[in-house]
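J.: Residues 1 to 515 in full-length UniProt numbering are what the sequence shown spells out, letter by letter.
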Amino acid sequence: GYILVGLILGNSGLKLWTPSTVASFSPIVNLALGIIGFMIGSELKLELFKKRGKSIYSVLFCEVIITFLMVSFFVSFLTQKIYLGILFGAIASATAPAATVDVLWENKTKGPLTSTLLAIVALDDVLALLLYGFASVIAKALIAHTQLSIVETIETPFFEVGLSVGLGVVGGYILFKLISFIKDRERILPFALGVIVLTVGIAVHFKIDLILSSMLLGFTLTNIAPVESKEVFEAIKKFSSPLYVLFFVLVGARLDFAMILKSGGMVLAVVYVLSRTFGKMSGAVLGGFIGRAHESVTKYLGLCLFSQAGVAIGMAISINQSFSHLGGEAKIVGETIVNVVVGTTFIVQMIGPLCVRFAVSKAGEIGKDVTEEDIIADYKVKDVIEKNVPIIQEDAHLDAMVDQVKESESLDFCVVDRKGTLLGSISIGDLRSVLLEQEIALSSLILARDIVVPTTRVLEEGKPLQEAIDIFRRRELDFIPVVKSEKTRELVGLIHYREIMKQIEQELLRRRGNV
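(1) I'd like the ranges of any alpha helix (DSSP H) spanning at least 4 consecutive residues and lying wholly in the UniProt domain "CBS" (452 to 510).
(2) Quick check on the DSSP output: the beta strand (DSSP E) that includes Val416 runs from which residue to which?
(3) To the nearest angstrom, report how far apart Leu16 and Ile347 are at their CA atoms.
(4) For the stretch 20 to 76, list the alpha helix (DSSP H) runs that are entirely contained and at least 4 residues long, ordered along the chain.
(5) For Val161, collect the residues of the same chain with a Cβ closer than 6 Å to its Cβ; drop the 5 residues on either side in sequence, then sort them by chain order.
(6) For the alpha helix (DSSP H) holding Gly424, just list the boundary residues, first then last.
(7) Do Gly6 and Gly291 have their C-beta atoms closer together than 9 Å?
(8) Between the stretch 403 to 416 and the stretch 368 to 381, can you find at least three pairs of beta-carbon atoms closer than 8 Å?
(9) Return the bridge partner residues of His397 from the DSSP annotation.
(10) What is the rounded straight-line gap between the Cα of Ala192 and the Cα of Ile236?
(11) Helix, strand or coil, according to DSSP, for Ile392 in the structure here?
(12) Quick one: Cα of Thr114 to Cα of Val22, how far?
(13) Within a Cβ cutoff of 8 Å, which residues of the same chain sit near Thr298, ignoring the five residues on either side of it in sequence?
(14) Taking buried to mean at least 16 other C-beta atoms within 10 Å of its own C-beta, is Asn388 buried or exposed?
(15) When burial is assigned at 16 or more other CB atoms within 10 Å of the CB, is Ile28 buried or exposed?
(16) Answer yes or no: do Thr116 and Ser76 have a C-beta to C-beta separation smaller than 9 Å?
(17) In whole angstroms, what separates the C-alpha of Leu255 from that of Phe25?
(18) Using 9 Å as the threshold, is the C-beta distance between residue 524 and Leu217 below it?
(19) Val204 and Leu210 - do their beta-carbons sit closer together than 9 Å?
(20) Where Lys108 and His496 are concerned, what is the direct C-alpha to C-alpha distance, given to the nearest angstrom?
(21) Buried or exposed for Ala144, going by 16 or more other Cβ atoms inside 10 Å?
(22) Which ranges does the beta strand (DSSP E) cover as unbroken runs of at least 3 residues, wholly within the stretch 189 to 277, from first to last along the chain?
(23) Go ahead and label Gln308 buried or exposed: buried means 16 or more other beta carbons lie within 10 angstroms of its beta carbon, across all protein chains shown.
(24) Among the residues of its own chain, which have a CB less than 7 Å from the CB of Lys207, if the five just before and after it don't count?
(25) Please report the straight-line C-alpha distance between Val515 and Ala269, rounded to a whole angstrom.
(26) Could you pull out every residue in the same chain whose Cβ sits closer than 8 Å to the Cβ of Cys355, ignoring the five residues on either side in sequence?
(27) Looking at C-alpha atoms only, which residue of Leu14, Val271, Leu142 is the closest neighbour of Met70?
(28) Whose CA, out of Ala139, Ile471, Ser58, Phe248, lies closest to the CA of Ile120?
(29) State the Cα-Cα distance for the pair Arg489 and Leu104, rounded to the nearest angstrom.
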C-alpha cells in the first residue's frame, strides 16, 4: 500500500516527487536500510542454529544457492551482462518473512512444514545478504572493466564483507557497553539509534555494505546480551514504524514504469520471477531429498517461498544508492534493479500468501497450533451445558429429597418453583446437616424451600464461555446454574468446571490431530 502511494506521487504517477526530491531523502533511506538489517540480526540467536536439524540446513542452502544460480544464469543470458545476473541472483535468494509468518499465524498452523518454513525464512535472508555482499563487489569490478585475478576475485569480496562484519561486531559491542551503563531506560532509544546511525555512516563513507554491517550489529548485541537487548530491539521496533512508511513510499516514488517498458524491462521482470520461482521450488525439493526431510516439506515448501518484500527491496535500493555514484552503466544497472524488483514485488506479494496457505492446507497443518484459550474463545455457555440435571421442586419433602439423592450421582441439586424458575441449590452436605439436626418425626415437615441456599451467581446460556471460566477461577466454584435470562431465571441446566475443562482438552487433542 505504501509503495502504491509512492507510485502515485512519483514519476509514474502525478510527478509531485521528482527524482531529485527522492534523492534528497537518501540519508533517511540509508537509516531505514540500517534498521532493517539491525532487526534481521536481532532474530539470529546462536541457539537457533543449534536447535535446527540437518534437513533444515540442506533445504536452506539448496534453495538459496539454486535460486541464485538459476536467476544469475537466465538474467545473464537474457541481458548478456553477468554483473546484472549475479546482482539479481543475490536479491532473488531472499524471502519475505513477515508476509509468510502472517499466513501461518492467521491459520494457526503447526507441523514439520511450518517449523521448517519458519527456520528457512529467518535464515535465508542472512545467506542472501552474504551473497549480495560478494555479488556487489564483483559486479562493480565487472562494470568498471577491472581485470581481477582469481585471487583478487575471491579476496576482494571477502575483504569488503569482512570489513562489514567487523564494523557490525564492533558496533554491537559498543552498544552493549553503552546499555550496560544506562540507568535511565528512556535513554536506550537515542543511544541505540546513535550507534546504528554511526554504523550506517561509516559503511556509506567507506563504501561497504550497510545492511550487512547493521545485521551483524544486531546479531552481536542479541547474542552477547540476550536479556538486555530485548528492550533495545523493542524500542527500535516502535521507532521504526513511521520510518518504514516513508521508506516504502520513497521506494514507490522511484519506480519508473516508462523505463521498464522502454528498456525491455517487462521481459526481464518475467524472466526474473519465473527463474526465481523455479529456483526456490527445485532447491526446496532437492534440499528436502538430500536432508531426508519430512514428505510435506519436500513436496510443499517450495510453494511457501515466493514472497519478496523488505530485504529484497532494501538490497535493490542499496545497490541503486551505491552504484549511482559510479555513473554511466552502473547508474543504469541500479535503476533497472530497483524498478524490476519493486515492480515484481507487487506480483509475488499477491501470489505468495495464497501459495503458502495452499501448501499448509495440503500438508494438513492448518488449525493445528490451537491453544486452550483459542477453544474457549470459540465456545459459548450453551455449548457445554449439562441439561439433564436432577431438579428438586420447592415443595418436595425431606424424605423425597433423600430418596432422589440416593438415585442420583450428582452432588448438587437445583431447586425450582412450579414455573421452572431457579430458586437456589441444595447439596448433599446441606441435606446431611439437616438430617443430623432434625428429629426423624419432623422430617416430613421440612420442605426444599426451607433449606434451599439462594443462588446469586447464574449465567445466561448465550454468554461467552470465557466469562464462565473467569467466574469459576475467581470465585473457586464447582458449578454454575445456567438460565435463559437473568430476568426470568428460568433454569436451562448446569455447567461444571471440571467437565468443561475435560471437554476442552478433548477438543484440543482432536484439533491438533497427530501433531
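The C-beta atom is built at its ideal place from N, Cα and C for all residues, glycine as well.
T.: On the basis of the supplied data:
(1) 465 to 475
(2) 412 to 416
(3) 25 Å
(4) 26 to 42, 46 to 51
(5) Gly133
(6) It is not in any alpha helix (DSSP H) - Gly424 instead sits in the beta strand (DSSP E) that spans 422 to 427.
(7) no
(8) no
(9) Leu447
(10) 8 Å
(11) strand
(12) 40 Å
(13) Ala284, Val285, Gly288, Phe289
(14) exposed
(15) exposed
(16) no
(17) 15 Å
(18) Outside the displayed range of the chain (1 to 515) lies residue 524, so it cannot be described from this structure.
(19) yes
(20) 29 Å
(21) exposed
(22) none
(23) buried
(24) Ser322
(25) With a pLDDT of 44 at Val515, under the threshold of 50, the modelled position of this residue cannot be trusted, and the question is left open.
(26) Leu303, Cys304, Phe306
(27) Val271
(28) Ser58
(29) 44 Å
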